[in-house]
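**Q** Numbering-wise (the UniProt record's numbering), the sequence shown opens with residue 1 and increments by one. Glycine included, each C-beta is placed from N, C-alpha and C at the ideal position.
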Amino acid sequence: MYSPTQKRAKKQLSPQKIKVVCRVRPFLAEELYDDTVVVEENSIKITNKRKTNENFVYSFYSCYDMNASQLEIFEHDVRPLLEPVLNGKNATIFAYGVTGSGKTYTMQGAETDPGIIPRTIQTLFQIKSEFKYSLELRLSYIELYKEVINDLLVSRETAPIGGLNIRQGSDNQIYLSNLTEKKIDTYGEFKKIFRCACRNRSTAATKLNIMSSRSHADMCIYISCTNNETRNTTFSKLHLIDLAGSEDNRRTENGKERIAESSAINKSLLALNQVVEALNQGLSRIPYRDSKLTRLLQDSLGGENISMMIINISPGQSFYADTTLKFASRTKEIENKPHLNHYTSSTRQPLKVKFEIPSRLANVNEYDDHLPEAKRQRFSDPTDKKKTNSVFERMDRYSYGVIPTATTTTFYPLSNYNNYSTPSTPPQMIPEMPDLSLSSSTTSYELPPPPLSETEMAKIIQEKIETKLDEKLSEIENKLKLQILSPIFRKQDAKLKKRIESLEYKMELQKESRLANVLTPETKTKTARALVALAKAHEQKNELREALHNYESAFQYIPDNQKLGNKIATIKDVISTGDVLKLKKRKRYDEVEQHQLQQKVSDDDEKATPSEAVPASSSSQPSINNSNVSAKDHHSRHLAAVVNDEKKKLTETMILNIVNSGDLREILKLKGVGKKRADVILQFINDNGPISEVKSLFH
């Protein structure tokens with residue numbers, strides 16, 4: 001795009017409607033000739049298929065029948081558009097029509113019969129060689145394929161993934177990030193680049209078109225014209241666009257891939273129709289953002305470009321339902337607002353000697369319209385050299401000095417096309433140099449502002465002081481409000497945090513309840529025992545809230561256990577009231593019950609393994625019957641082993657439930673399970689069914 005070091009000046013011109021040119025392609029070898037479509041001067045006449053004595057007539061800027069040549073269309077309609085482009089106006093030429101109507105042939109042409117794009121480049125190089133000023137050409141070439149913008153000047157291997165992104169600058173111009181621009185110095189260099197870019201474009205064969213374009217293509221030519229004397233430059237852009245054709249999949253008999261492509265094409269063309277409809281109705285919102293195609297054409301449809309649309313239509317009754325002509329009739333009513341773009345170099349020409357009036361300002365009366373009244377009187381008195389010199393003394397202290405802000409360049413017409421005779425004898429370009437000289441009627445000079453008086457300076461200082469005071473007062477008020485409201489906010493935060501914790505706790509219990517519903521009664525009992533053991537461990541450490549949490553989790557597995565319910569109620573009461581005596585009383589009952597349970601377990605062990613009993617007469621070991629501490633230690637170890645075994649079984653059960661659920665997110669949460677192992681586990685379950693043992697996961 002344009003360099004940021006250049007200064008852009010716009011001059012809005014009178015609105016111009018979009019020029020619409022119609023071209024009818026010849027009949028193909030397999031098509032039957034009929035006179036449904038007839039070209040009469042600048043009109044297209046279509047015979048009504050239902051009423052043969054009735055015709056539909058569409059009038060356009062130019063119309064060409066099937067015998068028109070590529071050269072004739074270029075010389076009559078495209079070449080005149082180059083004149084305003086060289087004068088600093090942006091322009092767009094785009095081809096529109098159904099698939100197989102000849103759009104790509106009109107824009108690209110063939111090796112022996114070039115289209116609009118090659119002829120435009122060739123003409124610009126002719127102008128460069130004939131005019132005596134600097135002309136620089138650069139180009140970019142993109143395609144819009146299934147709503148992805150691809151750069152055709154780079155290979156598919158090095159192209160960015162996801163295509164180019166559309167950006168809008170501060171000047172409301174549309175830009176493409178990372179777009180490739182190539183400078184071209186000769187027509188041969190262009191042909192080499194263009195041939196390679198066309199091979200990168202997406203094409204495919206359909207029933208209606210053996211080489212159907214599957215994407216919209218946009219070649220942008222950047223033209224800079226520099227006056228070597230004044231260093232003023234005009235920049236302009238010329239877009240040459242080949243739109244993909246709309247398709248009826250019932251007629252093209254497309255496959256799955258072609259249907260996806262045609263769907264994207266038809267969707268973007270529908271958005272284009274909606275933009276045209278909105279512009280014709282004068283709506284406040286124009287849906288440019290509904291498609292990337294309409295965003296790229298934003299300047300060409302109701303924007304700042306001079307636009308010309310070439311509609312290509314197919315002859316014969318088989319294309320009677322084509323709506324191209326109706327769309328073109330609506331498009332030609334759209335008005336664009338072209339701008340004249342000027343750029344001045346950021347480097348400043350050095351001023352002349354301080355007390356010498358520049359020669360271009362010798363006749364001061366020519367610039368009276370640009371000067372204030374006080375300065376005009378100074379310049380009007382040629383005898384007062386002191387005043388005149390003081391003006392230029394003060395101007396020299398400013399960075400910009402006396403520099404022209406914008407220069408209007410004028411080009412002579414490239415040719416008189418009203419006298420065009422035949423395509424075989426195209427008119428010759430006039431090799432006159434355009435008048436790029438500095439014109440007094442189009443040049444303005446900037447002078448520094450007059451110095452401020454003491455009153456004005458005091459007023460400005462007073463305003464700045466008041467502004468600072470207002471800012472300080474606002475800052476103090478905000479701090480006071482924050483100090484007042486902070487305790488309230490903290491209180492609300494505490495309530496909110498407590499509420500969230502309560503909800504999370506309830507959700508966790510509900511999760512335990514859902515898990516309990518899928519377990520067997522034996523597994524439920526084992527899980528509950530393990531949780532009760534964990535709860536008692538927390539209770540011994542006076543961690544009542546953790547103990548309550550484990551008791552309630554265990555209660556989800558054995559909801560009919562009245563004893564566990566009473567235990568939960570007691571702990572809740574202790575937490576809420578702080579009465580620890582109730583808990584101590586409850587502990588005494590639990591100790592008695594635990595002792596009875598341990599005694600029962602001990603009796604069962606002695607009956608089951610009598611050989612392991614130690615003789616009472618043994619002198620090497622103390623007697624178990626005579627040592628209460630040793631008995632308690634034995635029972636504690638036995639109980640701990642039971643709890644650990646239950647915890648292990650519970651963990652394995654939960655792991656198997658998570659794995660057999662097939663939920664990839666939950667499986668990845670398991671320790672030591674990554675993406676690769678999770679995929680292997682899911683594949684094993686799909687092939688062999690649910691996993692019954694945890695050790696199967698490690699084979």
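Looking only at its chain, what residues have a beta carbon closer than 6 angstroms to the beta carbon of E189, apart from the 5 residues adjacent to it on each side?
**A** Excluding sequence neighbours, E189 sits near nothing in its chain.
**Q** Could you tell me which residues DSSP pairs with T92 in its beta bridges?
**A** H239 and S307, per the DSSP bridge assignment.
**Q** Quick check on this structure: which residue in T577, A528, T47 and N67 has the alpha carbon closest to the alpha carbon of K563?
**A** The residue with the shortest Cα to Cα distance from K563 is A528.
**Q** Just mark P160 as buried or exposed, buried being the case when its beta carbon has 16 or more other beta carbons within 10 Å.
**A** P160 comes out exposed.
**Q** Could you tell me whether the Cβ atoms of L164 and C220 are closer together than 8 angstroms?
**A** No, the Cβ-Cβ distance between L164 and C220 is not below 8 angstroms.
**Q** Look at the alpha carbon of V98 and the alpha carbon of E30, and state the distance between them as a whole number of angstroms.
**A** If I take the Cα positions, the gap works out to 18 angstroms.
**Q** Using only CA atoms, which one of S224, L179 and S502 lies nearest to S155?
**A** Among S224, L179 and S502, the Cα nearest to that of S155 is on L179.
**Q** Decide yes or no for the touch test of the region 96 to 115 against the region 231 to 246: beta carbon pairs closer than 8 angstroms, at least 3 of them.
**A** A contact exists between the region 96 to 115 and the region 231 to 246.
**Q** Taking the continuous beta strand (DSSP E) assigned at A217, which residues delimit it?
**A** Residues H216 to T226.
**Q** Taking the CB atoms as reference points, tell me whether K649 and K567 lie closer together than 8 angstroms.
**A** Taking 8 angstroms as the Cβ cut-off, K649 and K567 do not qualify as a contacting pair.
**Q** So I93 and I310 are in contact, right, with Cβ under 8 angstroms, and what is the actual spacing, rounded?
**A** So it is a contact: roughly 7 angstroms between Cβ atoms.
**Q** Can you tell me which of G316, V673, N550 and E646 puts its alpha carbon nearest to the alpha carbon of V24?
**A** Nearest C-alpha to V24: G316.
**Q** Which full runs of the alpha helix (DSSP H) of 4+ residues lie inside the region 84 to 154, going along the chain?
**A** Complete alpha helix (DSSP H) runs here, min 4: 103 to 107 and 116 to 130.
**Q** Taking the C-alpha atoms as reference points, what is the distance between S696 and V642?
**A** Computed Cα separation, rounded: 24 angstroms.
**Q** Determine the DSSP secondary structure at P166, reduced to helix, strand or coil.
**A** Checking the displayed sequence, the identity of residue 166 turns out to be Ile instead of Pro. Note: I166 maps to strand in three-state DSSP.
**Q** Suppose you measure from the CA of P215 to the CA of I500; what does that come to, to the nearest Å?
**A** In the sequence under discussion, the amino acid at residue 215 is Ser, which differs from the Pro named in the question. Straight-line Cα distance between these residues: approximately 54 angstroms.
**Q** I'd like the span of the alpha helix (DSSP H) that includes H191, first residue to last.
**A** Reading off the sequence, residue 191 comes out as Lys, not His. Element bounds for K191: Y187 to N200.
**Q** If you pair each beta-carbon of the region 113 to 122 with each one of the region 266 to 283, do three or more pairs fall below 8 angstroms?
**A** Touching, no, given that fewer than three Cβ pairs across the two stretches are closer than 8 angstroms.
**Q** Within 10 Å of its beta-carbon, does E143 have 16 or more other beta-carbons around it, so buried, or fewer, so exposed?
**A** The residue in question, E143, is buried, as its Cβ has 16 or more Cβ neighbours within 10 Å.
**Q** Between N42 and the rest of its own chain, which residues show a CB-CB distance below 8 angstroms, the 5 nearest in sequence each way excluded?
**A** Only S59, F60, Y61, S62 and C63 meet the Cβ criterion.
**Q** For a quick check, are the C-beta atoms of S537 and K647 less than 8 angstroms apart?
**A** It is worth fixing the name first, because residue 537 is Ala in this sequence and not Ser. No, the pair does not count as a contact, with Cβ atoms beyond the cut-off.
**Q** Per DSSP, F74 is paired with what?
**A** F74 is not bridged to any residue.
**Q** State the Cα-Cα distance for the pair E693 and R677, rounded to the nearest angstrom.
**A** Going from the Cα of E693 to the Cα of R677 covers about 17 angstroms.
**Q** Would DSSP call V574 helix, strand or coil?
**A** Looking at V574 - three-state DSSP - the assignment turns out to be helix.
**Q** For P338, is the classification buried or exposed, using 16 other Cβ atoms within 10 angstroms of its Cβ as the cut-off for buried?
**A** Result: buried.
**Q** Which term fits K354, buried or exposed, when burial requires 16 or more other beta carbons within 10 angstroms of its beta carbon?
**A** Here the model assigns K354 a pLDDT of 40, short of 50, so the residue's position is not dependable and the matter cannot be decided.
**Q** Give the DSSP-derived three-state secondary structure of V673 in the structure shown.
**A** Coil.
**Q** Would you give the residue range spanned by the beta strand (DSSP E) that R329 belongs to?
**A** For the sequence presented, residue 329 should be read as Ser rather than Arg. Segment T324 to T331 is the alpha helix (DSSP H) holding S329; no beta strand (DSSP E) there.
**Q** Could you tell me the boundaries of the alpha helix (DSSP H) in which V694 lies?
**A** Careful: V694 lies outside any alpha helix (DSSP H) and carries neither H nor E.
**Q** Flag D171 as yes when its Cβ comes closer than 7 angstroms to any non-hydrogen atom of the ligand GTP, and as no otherwise.
**A** You won't find the ligand GTP in this model; it holds no ligand whatsoever.
**Q** Under the rule that 16 or more other beta-carbon atoms within 10 Å means buried, what is I460, buried or exposed?
**A** Exposed, by the Cβ-count rule.
**Q** What are the start and end residues of the alpha helix (DSSP H) that includes F555?
**A** Unbroken alpha helix (DSSP H) run through F555: L544 to Y557.
**Q** Could you pull out every residue in the same chain whose Cβ sits closer than 6 angstroms to the Cβ of G689, ignoring the five residues on either side in sequence?
**A** Excluding sequence neighbours, G689 sits near nothing in its chain.
**Q** Would Q70 and G109 be called neighbours here (beta carbons separated by less than 8 angstroms)?
**A** For Q70 and G109, yes; Cβs fall inside 8 angstroms.
**Q** If we count Cβ pairs, one from each stretch, closer than 8 angstroms, do we get three or more for the region 33 to 48 versus the region 295 to 308?
**A** With the cut-off at 8 angstroms, the region 33 to 48 and the region 295 to 308 do not touch.
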